[in-house]
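Taking it in order: structure first as structure tokens, then the write-up.
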Amino acid sequence: MTANSLDLNPRTLGTQPGKREFSVTDEYQYNRSGAARWIISHLLRYKPYLFTFLTAALATNILFSALPRLTGLAFDEVLKPTPSAQRLLWLALGALTIVVLRGFIDLTNSFSVETLGQRTERDARQELYISLLGKSQTFHNRQRVGDIMARASNDIRQLNPMMNPGVSLITESIMAIIAPMIFISTINPQLLLAPVLFVIVYIFALRRYVRQLNPVAARQRMQFGELNAGLNESISGIEVVKSMAQEEQERQKFVRNATQFRDAFVEQGEIQARYLPLLLLGFAMTIAFAHALWLYSQGQLSIGEIVGYMGLMGVLRFPAFISIFTFSLVQMGLAGAERILELMRQETEIDENRGGYAAPMHGDLRFDNVTFQLGEGADAGTVLHNITFHAAPGETVAIVGQTGSGKSTLTKLVNRTYDVNEGSVSIDGVDLREWNMESLRSQISTIEQDIFLFSRSIAENIGFGLGADADRAAIVEAAKAAQADDFINTFKDGYDTDIGERGVTLSGGQRQRLAIARALLTDPRILIIDDSTSAIDSATEDRIQQAINKVMEGRTTLLITHRLSQIRRADKILVLHQGRIVDQGSHEALLARCTLYQRIFARYA
């Protein structure tokens, strides 16, 4: 049966990914219809190595089984009244040739399967990473980072030992059953009785063993994800843990997860302790020896043939013994593969629209009767209701409202972090869903309230939006405009200073100034500012605001802030309440007619 008839061809129906926010040109597509098919599609990418491995495994076991046969022939020759020295010499040279040749073939076999294992792990890791980059924000909101990291590191790592020694030894085990059976049949077909009975019972015992092992392996991988996710949450939230003196609670939680992880391994050990094939082989060897002696008494076998036969029966010990842990490795790999596929199969709501509209933006932004729900099914909650407003190119629109009114969510619709459920959002008269995702997002910059900085140099963080194209002079200019250059130069390594994860080595004001510099460097047509100066003192904020005001010229800006000075300067103000725009207009007009705005303004004042 061919790979195509099994539908294992990676280019077949069902292998193509669904919607994605990011993809790679000419990305190799694998068959994701099942864990085994997915792994095989990875192996089929490297057919020469796969063919070499299978051929070498077969040749190795044929040569290995030839040795007992030669030994039997040598016994018969020695037992003759006048043994032939020449024949014994040829048999000895034949055995030596087999050993040397088998050594070279073993090297080829090991190289091929090791290459397959390493490349499968590498390609799977890359495939998962690309898939995660292409998922929507909604998808990532549902995931626990620790569990994703467990799948991306440990579960994918299981693919390598699954291939070598797992699949490698299982393949050789199969060959180590077929080759001896062939040689036994050449001695006397009647001798196949014991090995055939053993193989039949062995298959049933192995099937039972694998069925017991499969759920335990899946539980091990799942429990490792739980353990890793809990650890990640505790470390990420260590400040909260310590401030509330809950170290003991977190320790107990970790102990519970670690205990359940251990229990899965104990159960695996109990299953392996009940492994039957080695016992069955002992019975088979006894039956085989008795049968061979009976045939000898009937004059149908020689002493040498009995020796050769028992030597070939001994070859069956390899598959019987090795299965106890090789199938465990394979089950762990398949369980890990299923967890990886579970992530990659999940559909994302937004597509990159690679062939969509792509053009320089003017910044004409329009919301037309937009309704947005966050969540799915019965858990979905409407966050925005019938939002309609227009921002002309170069206008600054301030968005004010009480906490939870939907201000930040509204801005996340502009760069398609989320998609609207009803209505439309358009830029320059083109619905966002018609835009090419890269073109859309590359011309919109967001300065978040919760600043995220990478554990890289300051220069790399500022130039992140331009990637490798970021120019050092432009980075310095952006930093100066964001009032960040002064504090950067106080560091020993200046712009090459490495900052900790999320920028923990910097103050809140310093992180925000770097985020502002990062946004300014991309020269956006639409700028979204979400309370970006909340952690900056008034003097610094005035300097930053002067820079931002200059940069905002000719750019459409959505501004979420509680600073009255910034609100007053906006061309238009949206007043949100419980996800609805209750009024919009200038500061003076709203102050005169909008009761809610008056209350908000009075509170800020």
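Using the working numbering, the letters of the sequence shown map in sequence onto residues 1 to 605.
Glycine included, C-beta positions come from ideal geometry on N, C-alpha and C.
Tell me where the beta strand (DSSP E) around R366 begins and ends. Per DSSP, the unbroken beta strand (DSSP E) holding R366 starts and ends at L365 to L374.
Helix, strand or coil for D7, going by three-state DSSP, please let me know. Low confidence applies here, because D7 scores a pLDDT of 40, under 50, leaving its location unreliable; read the following figure in that light. In the displayed model, D7 falls within coil according to three-state DSSP, outside both helix and strand.
Excluding the five sequence neighbours on either side, which residues of its own chain have a C-beta within less than 6 Å of the C-beta of G356, listed in chain order? Excluding residues within five positions, the ones whose Cβ falls inside 6 Å are E434, W435 and N436.
What's the C-alpha gap between R472 and A479? Rounded to the nearest angstrom, the two C-alpha atoms are 11 Å apart.
Under the assumption that F224 contacts N141 (Cβ atoms under 8 Å), give the Cβ distance between them as a whole number of angstroms. Between F224 and N141 the beta-carbon gap is near 23 Å, outside 8 Å, which marks them as no contact.
Please return the same chain residues whose Cβ sits closer than 7 Å to the Cβ of Q608, not counting the five positions on each side in sequence. No answer is possible for residue 608: the residues shown for the chain start at 1 and end at 605.
With a 10 Å radius around its C-beta and 16 neighbouring C-beta atoms as the bar for buried, classify M162 as buried or exposed. M162 comes out buried.
Return the residue from the list A570, F372, Y46 and V430 that minimises the CA-CA distance to N386. Nearest of A570, F372, Y46 and V430 to N386, Cα basis: F372.
Among V307, V216, E226 and V420, whose alpha-carbon lies nearest the alpha-carbon of L329? Per the Cα distances, V216.
CA nearest to the CA of F194, picked from S565, I287 and L231: In the sequence on display, residue 194 carries Ala and not Phe. Comparing Cα-Cα distances from A194 to each of S565, I287 and L231, the minimum goes to I287.
For I324 and L63, I'd like the C-alpha separation in whole angstroms. Computed Cα separation, rounded: 25 Å.
Please work out which residues of its chain come closer than 6 Å, Cβ to Cβ, to M1, disregarding the five sequence neighbours upstream and downstream, and give them in chain order. Low local confidence applies: a pLDDT of 34 at M1 is under 50, so the model's placement there is unreliable, with the coordinate-based value given in what follows. Hits under 6 Å: none found.
Which of the three DSSP states is assigned to N188 in this structure? Taken through DSSP and simplified to helix, strand or coil, N188 comes out as coil.
If I measure Cβ to Cβ from A515 and keep anything under 6 Å in the same chain, skipping five residues before and after, which residues do I get? Cβ within range, chain order: I447 and I451.
Candidates D351, V582, A470 and Q443: which alpha carbon is nearest Q137's? Measuring from the Cα of Q137, the nearest candidate turns out to be D351.
Proximity below 8 Å, CB of I399 to CB of L559: Result yes, Cβ atoms of I399 and L559 sit closer than 8 Å.
Can G404 and V370 be called in contact, C-beta distance under 8 Å? Contact: no.
Paired residues, beta bridge with Y357 - DSSP: For Y357, the pairing in a beta bridge is given by DSSP as W435.
Would you kindly report the start and end of the unbroken alpha helix (DSSP H) that includes H42? Unbroken alpha helix (DSSP H) run through H42: A35 to L43.
Nearest-angstrom Cα distance between T409 and T382? The C-alpha of T382 is placed about 11 Å away from the C-alpha of T409.
Would DSSP call N257 helix, strand or coil? In the structure shown, N257 adopts helical secondary structure according to DSSP, grouped into three states.
Where S173 falls, given that 16 or more other Cβ within 10 Å makes a residue buried: A residue is called buried once 16 or more other Cβ atoms fall within 10 Å of its Cβ, and S173 is buried on that count.
Do you know how far the Cα of R416 is from the Cα of R20? Here the C-alpha atom of R20 lies approximately 13 Å from the C-alpha atom of R416.
Going by the DSSP bridge assignment, what does H577 pair with across the sheet? According to DSSP, which records beta bridges pairwise, H577 is partnered with R580.
Does K572 come out as helix, strand or coil in the three-state DSSP assignment? Three-state DSSP puts K572 in a strand.
For the alpha helix (DSSP H) holding A124, just list the boundary residues, first then last. Membership of A124 in the alpha helix (DSSP H) is indicated by the continuous run A85 to G134.
A273 classed as buried or exposed, judged by whether at least 16 other C-beta atoms fall within 10 angstroms: By the neighbour-count criterion, in which a residue is buried when 16 or more other Cβ atoms sit within 10 angstroms of its Cβ, A273 is exposed.
Identify, in the order they occur along the chain, each residue of the same chain with its Cβ nearer than 7 Å to the Cβ of T595, setting aside the five sequence neighbours on each side. Once the five neighbours on either side are set aside, T595 has no close Cβ partner at all.
Proximity to R513 [Cα-Cα], best of I427, F327 and L453: Nearest Cα to R513 within the set I427, F327 and L453: L453.
Please state whether DSSP places L558 in a helix, a strand or coil. Looking at L558 - three-state DSSP - the assignment turns out to be strand.
What is the rounded straight-line gap between the Cα of W90 and the Cα of A66? Linking W90 to A66 through their CA atoms gives a straight-line distance of about 14 Å.
Here's the rule: buried if 16 or more other CB atoms are within 10 angstroms of the residue's CB, otherwise exposed. What is S41? Burial call: buried.
May I ask you to report which of helix, strand or coil DSSP gives T12? Its pLDDT being 37, under 50, T12 is placed unreliably by the model, and nothing is read from it.
M552: which of D496, S586, A482 and A602 sits nearest, CA to CA? Looking only at D496, S586, A482 and A602, the smallest Cα-Cα distance to M552 is reached by A482.
Residue(s) in a DSSP beta bridge with I528: According to DSSP, I528 bridges with T446 and L558.
Paired residues, beta bridge with E422 - DSSP: The beta-bridge partner set that DSSP reports for E422 consists of T371.
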